[in-house]
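S.K.: Chains as they are written, first to last, in UniProt numbering: chain F, 1 to 212; chain P, 1 to 936.
Using N, Cα and C, we set each Cβ at its ideal position, and we do this for glycine too.
These numbers come from a predicted model, not from an experiment.
(1) Interface residues of chain F around residue 167/P at Cβ under 7 Å?
(2) Locate the alpha helix (DSSP H) running through residue 58/P, then write down its first and last residues.
(3) Along the stretch 35-54 of chain F, where does the CB come closer than 7 Å to a CB of chain P? Name the residues.
(4) Roughly how many whole angstroms lie between the Cα atoms of residue 120/P and residue 129/P?
(5) Give the residues of chain P in contact with residue 181/F, contact being defined as C-beta atoms less than 8 Å apart.
(6) Report the option in 666/P, 442/P, 73/P, 475/P whose CA atom is closest to the CA atom of residue 491/P.
(7) Can you give me the C-alpha to C-alpha distance between residue 733/P and residue 741/P, rounded to a whole angstrom?
(8) Would you list, in chain order, the members of the stretch 169-192 of chain P that have their beta-carbon closer than 7 Å to a beta-carbon of chain F?
(9) For residue 184/F, which of 3/F, 7/F, 2/F has the nearest alpha-carbon?
(10) Report all residues from its chain with a CB closer than 8 Å to the CB of residue 663/P; omit the five preceding and five following residues, and keep chain order.
(11) Should residue 179/F go down as buried or exposed, given a rule of 16 or more other Cβ atoms within 10 Å for buried?
(12) Taking only runs of the beta strand (DSSP E) that begin and end inside the stretch 208-265 of chain P, which ones reach a length of at least 3 residues, in chain order?
(13) Below 8 Å, can you find three or more Cβ-Cβ pairs linking the stretch 527-535 of chain P to the stretch 569-585 of chain P?
(14) Could you pull the start and end residues of the beta strand (DSSP E) that residue 58/F belongs to?
(15) Give me the DSSP bridge partner(s) of residue 149/F.
(16) Residues in the same chain with beta-carbon distance under 7 Å from residue 566/P, minus the five sequence neighbours each way, listed in chain order, please.
(17) Terminal residues of the continuous beta strand (DSSP E) containing residue 42/F?
(18) Buried or exposed, going by whether 16 or more other CB atoms sit within 10 Å of the CB of residue 571/P?
(19) Below 6 Å CB to CB, which residues in the same chain sit around residue 924/P once its five sequence neighbours on both sides are set aside?
(20) Going by beta-carbon coordinates alone, are residue 188/P and residue 162/P separated by less than 8 Å?
(21) Terminal residues of the continuous beta strand (DSSP E) containing residue 116/F?
(22) Decide yes or no for the touch test of the stretch 97-109 of chain F against the stretch 195-209 of chain P: beta carbon pairs closer than 8 Å, at least 3 of them.
(23) Give a yes or no on whether the minimum CB-CB distance between residue 216/P and chain F is below 8 Å.
(24) I'd like to check one pair, residue 160/F with residue 84/F: are the Cβ atoms closer than 8 Å?
(25) With DSSP run on the structure shown, which of helix, strand or coil describes residue 181/P?
(26) If residue 133/P and residue 144/P are in contact, beta carbons under 8 Å, what's the gap, nearest whole angstrom?
(27) Give the secondary structure of residue 477/P by DSSP, where H, G and I count as helix, E and B as strand, and everything else as coil.
(28) Can you give me the start and stop residues for the beta strand (DSSP E) that residue 227/F sits inside?
(29) From residue 630/P to residue 653/P, what distance separates their C-alpha atoms?
(30) Taking residue 110/F as the query, report the chain P residues whose CB atoms sit under 8 Å from its CB, ordered along the chain.
(31) Does the stretch 14-21 of chain F come close enough to the stretch 85-98 of chain F to have 3 or more Cβ pairs within less than 8 Å?
(32) Output yes or no for whether 8 Å exceeds the beta carbon distance between residue 837/P and residue 688/P.
(33) Are there 16 or more other CB atoms within 10 angstroms of the CB of residue 444/P, so buried, or fewer, so exposed?
(34) With DSSP collapsed to three states, give me the class of residue 413/P.
(35) Nearest-angstrom Cα distance between residue 39/F and residue 63/F?
(36) By the criterion of Cβ-Cβ separation under 8 Å, what are the contact partners of residue 58/F in chain P?
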């Protein structure tokens with residue numbers, strides 16, 4: 001499975017807001033109503049296509065509990081994108097966003113793309129945080145915003161893909177230093193300068209393209 | 001420097017005191033001097049003394065040195081000396097100056113550990129060290145790495161927790177791998193090895209920070225397996241990161257790192273390098289590389305994980321490379337063994353990989369399948385023991401969940417497929433089974449067991465195998481030959497191997513059981529074994545297995561053997577052996593140390609031939625059938641409570657609960673079905689009712705139609721009835737009129753008789769009367785005519801009716817009458833049947849309602865039962881818990897006791913007392929303790 005770029009994501013937010021469910025919905029396309037508490041960090045991966053390019057997403061789903069906070073912090077620096085998730089049916093998870101954001105800004109590289117996600121949009125009846133509030137928070141802090149439902153899969157794809165698009169755009173704009181892997185971005189094997197130069201000498205210039 | 005030299009030259013007893021004094025003086029200088037140069041010199045001097053006088057420097061200088069680390073950060077030189085000094089104090093590693101080790105030994109074995117504890121008491125000290133890593137200066141960075149490594153080595157858990165909490169702590173250590181100075185990078189590998197040991201969260205962070213990529217790059221740059229100890233460190237670190245860490249394994253697979261491992265397995269084809277042989281380092285590296293692969297496909301990993309990795313390993317050609325190592329020449333035996341183990345786990349349970357493995361050919365002339373070549377070494381006494389174990393493991397893995405493979409192996413044993421010219425797996429297995437080497441017997445028996453396990457077709461096929469024993473004598477079946485060998489005694493492993501294959505063969509295969517029982521010598525042999533008095537531990541195993549085999553004969557007995565039917569066998573067991581004794585012998589098997597060892601994992605990790613007793617697959621069979629055998633033999637059928645021991649009873653309750661739950665589900669389904677049924681029935685009743693109504697309506701309509709049809713053209717029967725009535729009434733009228741006529745006639749006569757006198761009085765009345773009479777007579781006549789007319793008409797109608805009824809087909813007009821009649825009749829019949837049906841349906845409905853009620857009741861009862869069982873289970877669990885606690889307490893007590901004994905012993909020793917007797921006691925205690933643990 002070749003790819004043009006590899007992006008590393010992390011998912012952060014209070015415990016129980018549905019981080020693991022978002023990941024499961026994105027990677028396995030299924031919803032698990034009863035999920036065990038995430039211990040530490042769990043890994044998931046999926047391939048997406050942006051602008052005709054294969055992009056591999058490696059996603060680290062973190063534990064929301066306070067006791068795992070120090071572990072979570074170790075993942076900020078190496079991530080290109082972060083999904084900051086709150087639960088629209090629990091006001092307190094929205095109130096804690098500022099703390100999360102401070103933490104993220106402090107420990108991550110400054111170019112990390114942060115997507116704010118109001119999850120559980122299927123539970124409209126129990127809504128405590130208005131969509132406008134989420135939008136306002138995102139505008140104020142320069143985040144992308146989206147409401148999702150890991151249960152119905154609404155906007156889940158979009159959340160992950162839009163984040164990737166934003167990162168991709170930043171790469172095109174030259175904001176990201178793609179040669180520094182600490183940024184959470186990696187160029188795919190057949191796209192790296194070394195193998196490209198190999199291809200130049202080879203008989204088939206499109207050999208690299210074929211193996212995608 | 002001269003005070004320093006003085007110290008070294010002095011005699012030993014003076015050395016300590018003067019060393020301590022010097023250190024004291026130096027410490028004072030470090031703490032009081034205002035000049036940096038002065039302090040630096042003093043620290044350098046301390047560093048020089050720190051290897052020799054660890055205790056003194058550690059106790060006196062620790063705080064002062066920590067102070068220096070904080071105060072003099074600006075001067076890398078003094079920091080470097082300080083770090084080195086601390087490193088020497090903490091390190092328990094033997095130094096170059098071996099003669100002086102004596103001093104540190106005097107102060108206890110773990111001096112470094114104690115100083116480490118003091119150092120990390122304040123986590124800030126560790127934080128400080130981590131900030132030193134930002135310093136690029138070699139004199140700071142390198143000693144920091146070394147110091148951190150030694151701290152981690154001494155107090156791993158504590159250090160791991162401290163570093164985990166430091167923001168970017170782990171990441172900073174990871175960055176060291178990118179240091180351009182090799183020595184720092186290499187020491188960083190050692191540091192990371194210590195850091196990641198047994199800590200899943202740190203392992204994940206390290207992996208997140210691109211560890212896999214960087215380490216694999218280092219391995220490649222260092223020349224892969226041809227590389228030095230750095231490669232070894234790298235591979236150890238990789239293994240640390242992956243072992244028992246599903247998330248990292250998934251990341252490793254998703255990151256396509258398996259593909260990157262593949263080139264490392266490619267053996268050099270260059271004949272020169274082959275001749276050179278394998279260096280010790282290369283052997284180690286290859287070993288670690290193979291173990292790395294095994295970590296990814298270990299049978300103990302989550303199954304989906306293993307399956308996914310197996311698939312990748314086949315796709316990227318890693319399995320192919322492994323198989324070529326397997327068949328290559330010049331590979332050292334231990335590498336070959338590990339390669340076989342690795343191939344085993346890469347193919348285990350994966351159909352595609354198993355198929356590939358079956359197709360691998362060894363480069364011999366003529367080419368033979370790799371499986372055959374491997375089996376040849378398995379049954380060859382001269383091959384190393386571990387290699388033979390690995391081959392068996394490989395063979396087992398090849399057959400695991402592989403029915404095709406199983407049938408292929410059994411095929412080679414069958415007479416039809418036998419090819420005289422080539423060696424087959426079957427021949428090798430038979431050869432091994434009947435060789436004089438007990439280990440070969442065991443290996444072959446277990447291999448054969450795996451060829452038929454959970455595969456009743458192959459069990460039956462294997463019954464067909466006949467062996468030619470000696471010239472002239474008739475062939476003997478394989479089954480009988482196994483029994484014969486068993487009864488001849490032989491070595492322990494031979495007998496256990498045979499018993500295991502027999503148990504596996506007969507289990508779940510009534511035909512094999514009846515074959516076995518058809519030889520009347522077999523059962524008496526087993527009886528004699530089981531009823532024998534207890535021998536040593538090994539005999540106990542044989543006896544237990546014989547009991548198990550006997551139980552299987554009973555359990556899967558289809559009563560075709562007249563001498564040994566199910567009941568007969570039960571009788572024999574109960575009378576000749578006794579239930580108690582039988583149970584004891586059987587339960588002994590699972591209590592055996594070797595059994596628990598074998599049951600742990602499929603891999604055969606034996607180090608010595610004497611450890612070979614049980615097979616993993618057999619332990620599974622035993623576990624699954626032990627209770628059933630006991631139940632069957634004890635015979636009461638519902639002897640669930642008859643079994644002993646607290647352990648299995650929770651199991652029983654679990655089973656019971658499960659059964660009940662299943663039953664509950666079944667009943668629920670049943671109720672649902674019945675409810676659906678009633679709903680259907682209700683619906684059909686409603687339908688039928690409406691049908692009845694419709695029919696009634698139709699009926700009425702038909703009647704009405706009939707009415708409307710009859711009046712205009714021809715009088716219809718109902719109308720003819722009506723006209724008959726009319727006729728009747730007319731007749732009656734006529735009668736009345738006649739009577740009236742008679743009366744008037746009489747009156748007239750009377751009046752004529754005595755009425756001449758009246759003639760004059762009433763001359764007119766007679767005329768009137770006569771006129772009226774005449775009129776009435778006319779009227780009567782009219783009426784009569786009318787009656788006749790009507791009668792005629794009636795007759796006509798009747799005739800017509802008859803005509804119509806007799807020849808309905810002739811009728812062309814709207815003669816619905818007869819048709820209607822028949823239809824009427826039909827509908828009436830239908831109606832009748834419908835009402836009957838309805839009645840029966842109502843009855844059924846009633847019945848099903850009753851049944852529903854009953855089921856609901858049973859469900860309630862079952863739920864109560866379930867609750868009760870759950871409660872019981874809880875209490876049992878609590879009991880278990882308390883027992884465990886008690887055991888823990890006891891263990892703690894024992895440990896205390898041990899230390900006390902130790903103390904007393906040393907004291908006694910010091911007092912000059914001989915303490916050998918105590919040693920024995922102590923050993924016994926220890927043994928008991930171990931036994932207790934095993935029993936659990």
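M.R.: The relevant details are as follows:
(1) 73, 107
(2) 54-71
(3) 40, 41, 42, 43, 45
(4) 11 Å
(5) 210, 213
(6) 442/P
(7) 12 Å
(8) 170, 171
(9) 7/F
(10) 862
(11) exposed
(12) none
(13) yes
(14) 53-62
(15) 154/F
(16) 554, 557, 559
(17) 41-50
(18) exposed
(19) Low confidence applies here, because residue 924/P scores a pLDDT of 47, under 50, leaving its location unreliable and the question unanswered by this model.
(20) no
(21) 113-119
(22) no
(23) no
(24) no
(25) coil
(26) 6 Å
(27) strand
(28) Lying outside 1 to 212, the shown extent of chain F, residue 227/F is not represented and no answer is given.
(29) 17 Å
(30) None at all; the shortest Cβ gap to chain P is about 15 Å.
(31) yes
(32) yes
(33) buried
(34) coil
(35) 6 Å
(36) 251, 254, 255
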